[in-house]
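Residue numbers (the working numbering): 27 to 102.
Virtual Cβ for every residue (Gly too), placed ideally from N, Cα, C.
Written out as structure tokens, the structure reads:
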């Protein structure tokens, strides 16, 4: 990966399937973005604005993990 040249930016790595990469490239071309990172930023922003990303997800996951640990303790 190239070195980060823009101050204040961070590199995020993710694994995409070949189909996912093709879709990302198609979106980039359709939306007219210069870089794929811009497409990802726009998609994340749109998902957050439309509240597709659950703000209470971490709290709910934490509760479920606690419940699971309690059940495991009862069995052992």
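Does DSSP classify residue 42 as helix, strand or coil?
Coil, per DSSP.
Could you pull out every residue in the same chain whose Cβ sits closer than 7 Å to the Cβ of residue 100, ignoring the five residues on either side in sequence?
Counting only Cβ-Cβ distances below 7 Å, and skipping sequence neighbours, we find nothing.
Just verifying my parser: in three-state terms, what is the DSSP assignment at residue 61?
coil
For residue 67, three-class secondary structure by DSSP
helix
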